[in-house]
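Visitor: One structure follows; several queries about it will come next.
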Amino acid sequence: MTPLEIYDIPGDKSISHRAIIIGALTSGVTTFNGFLCSEDCLNTLKIFRQLGVKIELKGTQVQVHGTGVTGLKSPSEILDVGNSGTGIRLIAGALSGSQISATLTGDHSIQKRPMGRILEPLLKMGASITANDNVPPLNVQGSKLKANVSYKMPIASAQVKSAVLLAACASEIPVTVIEPELCRDHTERMLRLFGATVQTESGQIKLVQPRLTAPLNEVQIPSDISSALFFICLTLMKNRNVIFKNIGLNESRIGCLAVLEQMGVDLSVKQFLHQYEPMGDIHIHPSSKRKNIEIPEDIIPNVIDELPILSMLALTQPGTLKVRGAEELRVKESDRIAGICRLATALGADVVEYRDGFDITAPEKPASEIKFDAHYDHRLAMSALIITKAFNIKAEITGLESISTSFPNFSALLEQLF
Ligand code: S3P
Numbered sequence: 156m157t158p159l160e161i162y163d164i165p166g167d168k169s170i171s172h173r174a175i176i177i178g179a180l181t182s183g184v185t186t187f188n189g190f191l192c193s194e195d196c197l198n199t200l201k202i203f204r205q206l207g208v209k210i211e212l213k214g215t216q217v218q219v220h221g222t223g224v225t226g227l228k229s230p231s232e233i234l235d236v237g238n239s240g241t242g243i244r245l246i247a248g249a250l251s252g253s254q255i256s257a258t259l260t261g262d263h264s265i266q267k268r269p270m271g272r273i274l275e276p277l278l279k280m281g282a283s284i285t286a287n288d289n290v291p292p293l294n295v296q297g298s299k300l301k302a303n304v305s306y307k308m309p310i311a312s313a314q315v316k317s318a319v320l321l322a323a324c325a326s327e328i329p330v331t332v333i334e335p336e337l338c339r340d341h342t343e344r345m346l347r348l349f350g351a352t353v354q355t356e357s358g359q360i361k362l363v364q365p366r367l368t369a370p371l372n373e374v375q376i377p378s379d380i381s382s383a384l385f386f387i388c389l390t391l392m393k394n395r396n397v398i399f400k401n402i403g404l405n406e407s408r409i410g411c412l413a414v415l416e417q418m419g420v421d422l423s424v425k426q427f428l429h430q431y432e433p434m435g436d437i438h439i440h441p442s443s444k445r446k447n448i449e450i451p452e453d454i455i456p457n458v459i460d461e462l463p464i465l466s467m468l469a470l471t472q473p474g475t476l477k478v479r480g481a482e483e484l485r486v487k488e489s490d491r492i493a494g495i496c497r498l499a500t501a502l503g504a505d506v507v508e509y510r511d512g513f514d515i516t517a518p519e520k521p522a523s524e525i526k527f528d529a530h531y532d533h534r535l536a537m538s539a540l541i542i543t544k545a546f547n548i549k550a551e552i553t554g555l556e557s558i559s560t561s562f563p564n565f566s567a568l569l570e571q572l573f
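Each residue of the sequence shown is one higher than the one before, counting from 156 in this note's numbering.
So this is what it looks like as structure tokens:
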């Protein structure tokens, strides 16, 4: 019998950003445990310090001394989110509804990412926010926004939904967002934990009571399921028997587990905590009869960040992985459809690229060595490291520095565990 191993994965990136932003908009001190100390989240933390919020970081515990919505100060310098799309879109939302002015920008990749998707609802709410050609830098002149706007999102985006909800919180006004498909609801959950009233029914998210109060208890940030999946896939590729501890099991994030089960993976999940986010352990049992599937289009928003590594898992099992309806991948940290197809092709797979997805069939015999440029995209870089480790092939991968934006101890864990 394969011996059982237990792995700890760092904190959830989406929830860590929200911890800083929502903690800052609340008056009172909130302690969060399990904060992700990656470059993206540390940039959000630094930005709120520049806005006058005292934030103490000890290990992975972060204490946010919120100033309340009226206590933020206009910064003297340009605010730099680094590589983070979540950072820029959520902070731009929050600042639009505040009473301060600021300019937000980020690295080379951020300066190409579409911001029209947040400008449209924020302008509808009466915000003063501008961008050149809908890309950063964003200039925000905070003001009291219009109450009771209802905005139907044309795309399923948690970042857009959150920008709107945070803008409304900063202006202390009600708002409604309608989402076309379920997308991650970490903002709604954390706002409720902070005393706001958010009602959700058939895709309608209504922020009814926007005032925030710091919770009495410390808040636990679960481990990131998107990060865990890199090691879950390597566990499967190497046929190991592993428990991943304290993972966030939010329904809007666990689509990857349903995909794995449809692929024939033997896994069990034990949920043990539900403070505001469900959390528990995922046990991956050695699973020998895996196969590729067509991922249902309606769960694409739920697995969007996991598609790069799921595509690499596809190279280790029979059949064809079919992905459609995933055009959003083209505007992530890099064009991930192109990146996944380039990587799979270099590894010897049979690949067909579509505008909104791809078909990938495992190679009969993988390439013996590859060169791959991850275009400074953390998820492509980690996917390339996992698959080349699994195939045990020589690899020259550039752009690995990007990994520290989301998973700073990735390479150390990879060395230590495999
Ligand atoms: C995120 C939402 C997703 C996801 C991103 C993090 C968030 O983007 O891809 O990595 O924290 O809200 P969209 O929902 O905006 O596509």
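Just so you know, even glycine gets a beta-carbon here, dropped at the ideal spot from N, CA and C.
Bear in mind the structure is a predicted one, so any value in this text is a computation, not a measurement.
Buried or exposed: where does I161 fall if 16 or more other Cβ atoms within 10 Å of its Cβ makes it buried?
Guide: I161 comes out exposed.
Visitor: The ligand S3P and T543: does any heavy atom of the ligand fall closer than 6 angstroms to the residue's C-beta?
Guide: T543: no, Cβ never under 6 angstroms from the ligand S3P.
Visitor: Under 8 angstroms, with one C-beta from each stretch per pair, do the segment 354–370 and the segment 388–406 reach the 3-pair mark?
Guide: As far as the Cβ criterion goes, the segment 354–370 does not touch the segment 388–406, which means the pair count is below three.
Visitor: Using DSSP with H/G/I as helix, E/B as strand and the rest coil, what is L234?
Guide: Looking at L234 - three-state DSSP - the assignment turns out to be strand.
Visitor: Looking at the strands, I want to know which residues DSSP matches up with E449.
Guide: Looking at the DSSP assignment, E449 forms a beta bridge with K477.
Visitor: Measure the Cβ-Cβ separation of G221 and A322 and say whether it is below 7 angstroms.
Guide: Not in contact: G221 and A322 (Cβ atoms no closer than 7 angstroms).
Visitor: Quick check on V319: buried or exposed, where buried means 16 or more other Cβ atoms within 10 Å of its Cβ?
Guide: Buried is the call here.
Visitor: Excluding five sequence neighbours on each side, which residues of the same chain lie with their C-beta closer than 7 angstroms to the C-beta of E327?
Guide: V224, P365 and R366.
Visitor: Are there 16 or more other CB atoms within 10 angstroms of the CB of T352, so buried, or fewer, so exposed?
Guide: So T352 counts as exposed.
Visitor: In whole angstroms, give me the CA-to-CA distance for V315 and S253.
Guide: Answer to the nearest angstrom: the Cα atoms are 17 angstroms apart.
Visitor: Since S283 and Q296 are thought to touch, with beta carbons under 8 angstroms apart, how far apart are those beta carbons, to the nearest angstrom?
Guide: Indeed, because the Cβ distance is near 4 angstroms, the residues count as touching under 8 angstroms.
Visitor: Go through its chain and collect everything with a Cβ distance to V332's Cβ below 6 angstroms, but skip five positions before and after it.
Guide: Excluding sequence neighbours, V332 sits near Y306, K316, V319 and I360.
Visitor: From this set, A501, G240 and G435, which residue's C-alpha is nearest I548's C-alpha?
Guide: The shortest Cα separation from I548 among A501, G240 and G435 belongs to A501.
Visitor: To the nearest angstrom, report how far apart L159 and H440 are at their CA atoms.
Guide: Each residue's Cα considered, the two are about 9 angstroms apart.
Visitor: Give a single yes or no on whether C324 has its beta carbon closer than 6 angstroms to a heavy atom of the ligand S3P.
Guide: Every heavy atom of the ligand S3P is 6 angstroms or more from the Cβ of C324, so no.
Visitor: Taking the alpha-carbon positions, what's the P463 to V219 distance?
Guide: Near 34 angstroms, if we compare the C-alpha coordinates of V219 and P463.
Visitor: In terms of alpha-carbon separation, which member of I409, A493 and E488 lies closest to I454?
Guide: The candidate whose alpha carbon is nearest that of I454 is I409.
Visitor: DSSP on S326, reduced to helix/strand/coil?
Guide: In this structure, S326 counts as helix in the three-state DSSP scheme.
Visitor: With a cut-off of 8 angstroms, do at least 3 Cβ pairs link the segment 414–433 to the segment 201–210?
Guide: The answer is no - the segment 201–210 does not touch the segment 414–433, with fewer than three Cβ pairs under 8 angstroms.
Visitor: Going along the chain, which unbroken runs of the beta strand (DSSP E) with 3 or more residues stay wholly within the segment 295–383?
Guide: Complete beta strand (DSSP E) runs here, min 3: 304–307, 330–333, 352–356 and 359–364.
Visitor: Enumerate in chain order the residues of its own chain whose CB-to-CB distance from I495 is below 6 angstroms, with the five nearest sequence positions on each side excluded.
Guide: Same-chain partners within the cutoff: P463 and S466.
Visitor: Could you tell me how far apart the beta carbons of A286 and L278 are, in whole angstroms, since I believe they sit closer than 8 angstroms?
Guide: The Cβ separation is near 11 angstroms, so there is no contact.
Visitor: Does the segment 369–386 come close enough to the segment 400–415 that 3 or more CB-CB pairs lie under 8 angstroms?
Guide: Enough Cβ pairs lie closer than 8 angstroms, so yes.
Visitor: Can you find a heavy atom of the ligand S3P that lies under 6 angstroms from the Cβ of D460?
Guide: Within the cutoff, so yes.
Visitor: Out of K477, A179 and A481, point me to the one whose CA is closest to D460's CA.
Guide: Of the candidates K477, A179 and A481, the one whose C-alpha sits nearest the C-alpha of D460 is A481.
Visitor: What do you reckon, are the CB atoms on I202 and R244 nearer than 7 angstroms?
Guide: Not in contact: I202 and R244 (Cβ atoms no closer than 7 angstroms).
Visitor: Among all the DSSP beta bridges, which residues are the ones paired with L498?
Guide: Answer is none; L498 lacks a bridge partner.
Visitor: Note down the Cα distance separating D436 from K301, rounded to an integer number of angstroms.
Guide: C-alpha separation (whole angstroms): 43 angstroms.
Visitor: Determine the extent of the alpha helix (DSSP H) in which Q571 is found, giving its start and end residues.
Guide: Residues F565 to L572.
Visitor: Please list the terminal residues of the continuous alpha helix (DSSP H) segment that includes K544.
Guide: Looking at the DSSP string, the run of the alpha helix (DSSP H) that includes K544 is H533 to F546.
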